[in-house]
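Q: First residue of the sequence shown? That's 7 in our numbering, and the numbers climb one at a time after it. My questions all concern the structure below.
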Amino acid sequence: MQFNKKKAQNQLTIRRSGLFVSKKITAQVENSAPIAARLVREHFGCRPLGSVDVVVTKTNRLSGLVAQSVAVAAGIKHDVWRNKVLSLTARPGDIYAVTVIGPDNSIRIFCNAQRLRRRKGQEIGPTLVYAMVEVDQLCRKGGPDPQLALARHEMGTHTLNKAALKKLSKELAAREDEAEKVTQKVMGKAVRNHRREEAEAQRQVPAAAAGRS
């Protein structure tokens, strides 16, 4: 796996994967990722998120990168995963970002630069907040287990029975629901704080002008 333009920020590493990946979107991700991580830490009571590797890539590379990351973490051999697509990325063109476990308990967020670019970067903030909630979920005790179990099932190395698969699907759906709700709360609070700061700044302008007169 070849990457370029590596930049570390606190516990975050921002990378690009692939040729002609948007530098503008990458720069926006670099600026927004630390803020998203801080907001999510504050929401969960400053619970540390651990080390996170954010990879900005293209639609046609997304599925392969995700499959490789999860498969290596799950101990699945290369000749098994190399041609497999996980349900996580069944429709890569619709994906803004995917958060997965990686080798040696690392966590990776794969951002789809092309999808984000089509929305003119407006979804970068919410996307990264959602992704950081998923990072928190993976950092919890047993957090990676459902993702690894589903990968082994879909790649045929450890097939689950219907009952186990149904239970796993419910657990993953509950995580998605939590991530959506937390993202709404975090983004709503951030917007309110921003508006409050803007209002305060506007109130200070007349006072400063009066002081100079």
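Built from N, CA and C at the ideal position, the CB exists for glycine as well.
1. Alpha carbon to alpha carbon, how far is residue 113 from residue 197?
2. When the distance is taken between beta carbons, is residue 107 closer than 8 Å to residue 76?
3. Measuring CB to CB, does residue 116 end up less than 8 Å from residue 96?
4. Distance check for residue 204 and residue 94, CA to CA, integer angstroms please.
5. Does the beta-carbon of residue 89, which I'm using as the reference point, lie nearer than 7 Å to any heavy atom of the ligand NAP?
6. Could you give the distance in angstroms between the alpha-carbon of residue 210 and the alpha-carbon of residue 201?
7. Assign residue 170 to buried or exposed, taking buried as 16 or more other Cβ atoms, counted over all protein chains shown, within 10 Å of its Cβ.
8. Which word fits residue 150, buried or exposed, when buried means at least 16 other C-beta atoms lie within 10 angstroms of its C-beta?
9. So what does DSSP say about residue 52, is it helix, strand or coil?
10. By DSSP, does residue 61 sit in helix, in strand, or in coil?
11. Classify residue 25 as buried or exposed, calling it buried when 16 or more other Cβ atoms lie within 10 Å of its own Cβ.
12. Between the alpha carbons of residue 45 and residue 135, how many angstroms are there, rounded?
13. Identify which residue in 18, 168, 181, 131 has its Cα closest to the Cα of residue 153.
14. Within this structure, are the beta carbons of residue 163 and residue 86 separated by less than 8 Å?
15. Closest by CA to residue 118, which one among 41, 43, 133?
16. Can you grab the Cα-Cα spacing for the pair residue 89 / residue 81, in whole Å?
17. If you check the beta carbons only, do residue 185 and residue 140 fall under 8 Å apart?
18. Which residue spans inside the region 110-154 form an unbroken beta strand (DSSP E) run of at least 3?
19. When DSSP labels each residue in this structure, what does residue 86 get in the three-state scheme?
A: Once the coordinates are examined:
1. 28 Å
2. yes
3. No, they are not a contact pair.
4. 39 Å
5. No copy of the ligand NAP appears in this structure; indeed no ligand is present at all.
6. Distance between the alpha carbons of residue 210 and residue 201: 14 Å.
7. exposed
8. buried
9. coil
10. strand
11. Residue 25 should be labelled exposed.
12. 8 Å
13. 181
14. yes
15. 133
16. 16 Å
17. yes
18. 113-118
19. Shown here, residue 86 sits in a helix according to DSSP, grouped into three states.
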